[in-house]
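Participant:
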């Protein structure tokens with residue numbers, strides 16, 4: 001495990017703040033990872049993403065294996081060189097997208113089999129192929145095991161089958177990954193919203209042993225309350241000295257509540273997707289720049305955020321760009337939202353360090369700007 | 373004319389290079405003006421536009437008067453503050469777009485009357501209203517007279533009527549503009565591709581007297597050869613000591629040939645429009661990044677151009693972005709194209725200064741990189 005050190009510097013209740021050390025750079029935790037689906041954090045240059053304070057981004061195996069192709073990315077020098085992101089990168093396994101994006105897909109003991117939504121071609125994603133793509137071809141710093149994520153709601157039996165298959169796939173991923181000194185492998189806890197199943201999943205993962213552990217199968221429709229209830233116990237089932245990554249989450253309030261329950265890492269398309277749809281995140285919640293009330297508003301989105309998109313453009317101008325369907329609207333709102341999420345994470349880290357997370361949570365819940 | 377000095381530093385044949393001095397900054401000529409249609413040079417931030425070397429950008433009266441509205445721009449501090457461009461800005465009069473973009477339009481002695489393509493509302497654009505919008509509400513540094521631009525081909529009679537109406541409108545614009553010490557007014561020569569009509573138009577404009585003169589009514593379908601033939605005489609009909617602006621031009625070869633014939637200023641949507649459609653300009657002509665031959669091409673678009681979009685991304689990556697319909701493709705290709713056009717202009721200025729424009733033209737015509 002030389003590739004990977006996780007130093008927890010401070011705790012406040014179940015929450016922790018620290019540093020995840022990789023050979024491509026340090027990641028301050030709790031960390032939010034912008035999603036660079038197809039080798040691009042949508043609408044933005046990597047320099048812009050970096051200026052928001054992001055230490056690590058996420059790449060999607062499913063998208064990249066289909067286009068431009070994992071072997072092509074490898075021939076072009078790997079995903080870091082291809083995309084222009086030189087810091088740490090985590091790739092997902094492709095499993096979640098097989099189930100959510102492929103029109104035709106089937107899960108067998110051996111693999112996830114699916115038809116490409118681009119050209120209909122048939123693909124077989126085994127645990128071994130997922131590791132080969134992530135670790136050898138794309139060159140991710142943090143590699144995720146292939147898992148099966150069930151839809152919500154799922155019967156206990158269905159959720160149990162999926163967590164057991166995920167554990168068997170996790171063991172195969174561990175074998176395929178082997179021992180590496182520059183890359184790390186994370187296992188993924190499943191088990192829907194059932195404590196006994198989350199416990200079984202964790203036990204199975206711990207038997208295998210990973211560098212870090214993700215909590216999968218949340219943010220799939222169960223809602224904020226059910227997610228929080230699950231997070232009341234799910235992180236605690238995972239090793240305290242290893243990073244915990246809540247996949248696909250989420251809204252600021254989801255992140256704050258998950259951090260308070262001991263989660264260290266997050267990823268979500270929300271900031272960039274919201275931005276492309278005219279939404280800007282603020283401490284009071286998202287605002288839609290298309291609405292007429294911003295037509296004459298000379299204020300910037302948030303002058304306290306050190307990002308040009310947050311600070312240097314009036315809401316009136318952004319309103320005009322959104323109404324005119326100008327691409328610059330999507331660029332600026334994506335950039336602001338990513339900056340906002342990073343300010344949130346930095347605020348959470350400071351609050352934990354200074355033992356004032358409770359006040360931070362209360363401010364966020366009330367739609368007030370917390371002390372940052 | 374205190375707002376405006378034009379110093380010609382060197383000549384090579386009919387070509388000139390110099391500096392147009394405005395109160396918001398100097399403009400090196402020959403100059404290419406990126407088009408900021410609706411208060412944005414499409415896909416880019418003004419900082420990015422500035423880094424390409426652009427000294428001045430163009431704003432469109434037609435678009436801005438309809439959305440967000442000229443009075444609103446004024447209330448928000450004027451177009452410079454609204455858009456974030458602090459350098460010199462030229463606005464067109466709106467006349468050309470009334471004829472090219474409005475589905476319903478009519479030209480009378482009094483005004484151009486049209487229905488908004490956004491909401492069908494009726495607008496009356498008089499010469500006086502155009503000046504009020506440009507000079508008082510948007511706050512342009514260089515203001516264009518309202519003119520009537522006829523389609524091509526046009527009968528001599530139709531072209532003569534249009535140039536005479538344009539001259540009468542020019543006189544009304546001059547009166548409405550009055551005397552200003554921070555802003556300049558340009559007249560527009562019309563007359564299709566007929567020398568006698570271009571001469572008549574110029575004579576009428578000279579009787580009125582403007583700070584600079586545009587050549588309108590070209591790049592409307594007549595083609596490169598007919599444009600060049602017209603430019604063999606049209607610039608020479610205008611005062612040698614005043615800037616000459618060829619409106620809506622054009623491709624690099626159009627620009628090079630026009631500069632050789634004595635034109636000082638250009639504007640065109642081509643670099644940004646091409647970029648949004650996957651095209652990149654090179655010395656050998658435009659290339660379409662979508663084509664499969666770039667899928668494995670590790671070379672940047674042009675490593676000699678000091679622009680991140682030209683230098684820091686492989687053609688393979690850009691190909692991938694275009695194929696994946698990623699917005700970043702449009703951003704990067706627009707940025708590269710604007711940088712390429714500015715390198716072309718800087719090269720033209722150096723070639724004129726060093727009396728080697730003939731070799732520069734020959735290289736461009738042959739698709740070779742000229743000495744820059």
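Protein chains in written order, with the working numbering: chain A, 1 to 372; chain B, 373 to 744.
Where is the CB? At the ideal position from N, CA and C, for every residue including glycine.
Keep in mind the model is a prediction, meaning the values are calculated, not measured.
#1: For residue 709 of chain B, which of helix, strand or coil comes out of DSSP?
#2: Could you work out which residue in B:579, B:610, B:592, B:550 is closest to residue 570 of chain B when comparing CA atoms only?
#3: So, is the C-beta of residue 684 of chain B closer than 8 Å to a C-beta in chain A?
#4: Chain B partners of residue 298 of chain A, CB-CB under 8 Å?
#5: Quick one: what's got a C-beta closer than 7 Å to residue 323 of chain A's C-beta in the same chain, skipping five residues either side?
#6: Just the chain B side, please: which residues come within less than 7 Å of residue 133 of chain A by C-beta, in chain order?
#7: I'd like the list of long-range same chain contacts for residue 229 of chain A, defined as Cβ closer than 8 Å, with 5 residues on each side in sequence excluded.
#8: Looking only at its own chain, which residues have a Cβ that is under 7 Å from the Cβ of residue 389 of chain B, when we skip the five neighbours before and after it?
#9: Which residues of chain B have a Cβ atom closer than 8 Å to the Cβ of residue 72 of chain A, listed in chain order?
#10: Cβ atoms of residue 682 of chain B and residue 673 of chain B: under 8 Å apart, would you say?
#11: Quick one: is residue 204 of chain A near chain B, going by C-beta distance under 8 Å?
#12: Does any CB atom of chain A fall closer than 8 Å to the CB of residue 696 of chain B?
#13: Could you tell me which of B:461, B:435, B:444 sits nearest to residue 471 of chain B, measuring between CA atoms?
#14: Taking all protein chains shown into account, decide if residue 420 of chain B is buried (16 or more other Cβ within 10 angstroms of its Cβ) or exposed.
#15: Please list the partners that residue 417 of chain B has in chain A, where partner means a Cβ-to-Cβ separation under 8 Å.
#16: Where does residue 32 of chain A sit, in a helix, a strand or coil, going by DSSP?
#17: With distance defined between alpha-carbon atoms, name the residue in A:203, A:211, A:275, A:191 nearest to residue 153 of chain A.
#18: Tell me the rounded alpha-carbon separation between residue 422 of chain B and residue 640 of chain B.
#19: Who are the neighbours of residue 512 of chain B on chain A, taking C-beta pairs under 7 Å?
#20: Span of the alpha helix (DSSP H) holding residue 438 of chain B?
#21: Please identify the residue among A:90, A:85, A:14, A:70 whose C-alpha is closest to the C-alpha of residue 211 of chain A.
#22: Check each residue of the stretch 642-654 of chain B: if its Cβ is closer than 9 Å to any Cβ of chain A, include it; give the result in chain order.
#23: Is DSSP giving residue 184 of chain A helix, strand or coil here?
#24: Leaving out five residues on either side along the sequence, give the residues of the same chain with a beta carbon under 7 Å from the beta carbon of residue 475 of chain B.
#25: Between the stretch 59-77 of chain A and the stretch 36-46 of chain A, do at least 3 Cβ pairs fall closer than 8 Å?
#26: Determine whether the Cβ of residue 368 of chain A lies closer than 8 Å to any Cβ atom of chain B.
#27: Output yes or no for whether 8 Å exceeds the beta carbon distance between residue 431 of chain B and residue 416 of chain B.
#28: So if DSSP puts residue 389 of chain B in a beta bridge, which residue, or which two residues, is it bridged to?
#29: Shortest alpha-carbon distance to residue 159 of chain A belongs to which of A:355, A:110, A:140, A:217?
#30: What are the start and end residues of the beta strand (DSSP E) that includes residue 267 of chain A?
#31: Nearest to residue 575 of chain B by CA position, among B:606, B:591, B:598, is which residue?
#32: In three-state terms, what does DSSP make of residue 122 of chain A?
#33: List, in order along the chain, the chain A residues whose C-beta lies closer than 8 Å to that of residue 596 of chain B?
#34: Taking its Cβ as the centre, do 16 or more other Cβ atoms sit within 10 Å of residue 333 of chain A, making it buried, or is it exposed?
#35: Which residues in chain B have a C-beta closer than 7 Å to the C-beta of residue 38 of chain A? List them in chain order.
#36: Going along chain B in order, which residues have a C-beta closer than 9 Å to the C-beta of residue 87 of chain A?
Facilitator: This is what the structure holds:
#1: One-based indexing of the second chain puts residue 709 of chain B at position 337. Looking at residue 709 of chain B - three-state DSSP - the assignment turns out to be helix.
#2: Taking the second chain and counting its residues from 1, one reaches residue 570 of chain B at position 198. Closest by alpha carbon: B:610.
#3: Mapped onto the second chain, residue 684 of chain B falls at position 312. Residue 684 of chain B counts as touching chain A.
#4: Locating residue 298 of chain A in the first chain gives position 298, where the first residue counts as 1. The answer, in chain order, is 448, 449.
#5: By one-based count along the first chain, residue 323 of chain A stands at place 323. 290.
#6: Working through the first chain from its first residue, we reach residue 133 of chain A at position 133. Those within 7 Å of residue 133 of chain A in chain B number zero; the least Cβ separation is about 16 Å.
#7: One-based indexing of the first chain puts residue 229 of chain A at position 229. Closer than 8 Å at Cβ, skipping near neighbours: 193.
#8: The count along the second chain starts at 1 and reaches residue 389 of chain B at position 17. In chain order, 381, 382, 401, 402, 721, 724, 725 place their CB closer than 7 Å to the CB of residue 389 of chain B, counting only its own chain and leaving out the 5 sequence neighbours on each side.
#9: Along the first chain, read from residue 1 onward, the residue named residue 72 of chain A stands at position 72. Near residue 72 of chain A (Cβ distances below 8 Å), the residues of chain B are 667, 668, 688.
#10: Translated into positions along the second chain, residue 673 of chain B becomes position 301. Translated into positions along the second chain, residue 682 of chain B becomes position 310. Result yes, Cβ atoms of residue 673 of chain B and residue 682 of chain B sit closer than 8 Å.
#11: Start at 1 with the first residue of the first chain, and residue 204 of chain A comes out as number 204. It does not: the Cβ of residue 204 of chain A has no partner Cβ on chain B nearer than 8 Å.
#12: Here the question's residue 696 of chain B lines up with position 324 in the second chain. Cβ-Cβ to chain A under 8 Å: yes for residue 696 of chain B.
#13: Here residue 471 of chain B is taken as the residue at index 99 of the second chain, counted from 1. Looking at B:461, B:435, B:444, the one whose alpha-carbon comes closest to that of residue 471 of chain B is B:435.
#14: Position 48 of the second chain holds residue 420 of chain B. It is buried - the Cβ of residue 420 of chain B has at least 16 other Cβ atoms within 10 Å.
#15: Position 45 of the second chain holds residue 417 of chain B. Against chain A, a Cβ distance below 8 Å from residue 417 of chain B picks out 308, 328, 331, 332.
#16: Along the first chain, one-based indexing puts residue 32 of chain A at 32. Correct three-state label for residue 32 of chain A: strand.
#17: Within the first chain, residue 153 of chain A is the residue found at index 153, counting from 1. Taking only the C-alpha atoms, the option nearest residue 153 of chain A is A:191.
#18: In the second chain, counting from the first residue as 1, residue 422 of chain B sits at position 50. In the second chain, counting from the first residue as 1, residue 640 of chain B sits at position 268. Distance from the CA of residue 422 of chain B to the CA of residue 640 of chain B, rounded to the nearest whole angstrom, comes to 16 Å.
#19: Taking the first residue of the second chain as position 1, residue 512 of chain B is located at position 140. Within chain A, no residue comes near residue 512 of chain B; the closest Cβ sits about 18 Å away, beyond 7 Å.
#20: Your numbering for residue 438 of chain B matches position 66 in the second chain. Note, residue 438 of chain B: alpha helix (DSSP H), 433-438.
#21: Working through the first chain from its first residue, we reach residue 211 of chain A at position 211. A check of alpha carbon separations from residue 211 of chain A across A:90, A:85, A:14, A:70 identifies A:90 as the nearest.
#22: Within the stretch 642-654 of chain B, the qualifying residues are 648.
#23: Taking the first residue of the first chain as 1, we reach residue 184 of chain A at position 184. If DSSP states are grouped into helix, strand and coil, residue 184 of chain A belongs with the strands.
#24: Locating residue 475 of chain B in the second chain gives position 103, where the first residue counts as 1. Within the same chain, residue 475 of chain B has close Cβ partners 487, 489.
#25: Three or more beta-carbon pairs drawn from the stretch 59-77 of chain A and the stretch 36-46 of chain A are found closer than 8 Å, and the two stretches are therefore classed as touching.
#26: Counted from its first residue, the first chain places residue 368 of chain A at position 368. Taking Cβ atoms only, chain B never reaches closer than 8 Å to residue 368 of chain A, which makes this a no.
#27: Counting from one through the second chain, the residue named residue 431 of chain B turns up at place 59. Counting from one through the second chain, the residue named residue 416 of chain B turns up at place 44. No, the Cβ-Cβ distance between residue 431 of chain B and residue 416 of chain B is not below 8 Å.
#28: Within the second chain, residue 389 of chain B is the residue found at index 17, counting from 1. Residue pairing of residue 389 of chain B in beta bridges, as defined by DSSP: B:382.
#29: What you label residue 159 of chain A is simply residue 159 of the first chain in a count that begins at 1. The residue with the shortest Cα to Cα distance from residue 159 of chain A is A:217.
#30: Here residue 267 of chain A is taken as the residue at index 267 of the first chain, counted from 1. From DSSP, the beta strand (DSSP E) with residue 267 of chain A extends over 265-268.
#31: What you label residue 575 of chain B is simply residue 203 of the second chain in a count that begins at 1. When each option's Cα is compared against that of residue 575 of chain B, the closest is B:606.
#32: Working through the first chain from its first residue, we reach residue 122 of chain A at position 122. Look at residue 122 of chain A here: in three-state DSSP terms it is strand.
#33: Walking along the second chain from the start, residue 596 of chain B turns up at place 224. Chain A residues near residue 596 of chain B: none, gap ~30 Å exceeds 8 Å.
#34: Translated into positions along the first chain, residue 333 of chain A becomes position 333. That one is buried.
#35: The count along the first chain starts at 1 and reaches residue 38 of chain A at position 38. Correct list: 696, 698.
#36: Counting from 1 along the first chain, the entry for residue 87 of chain A is found at position 87. Contact of residue 87 of chain A with chain B by beta-carbon distance below 9 Å is absent, the smallest such distance being about 16 Å.
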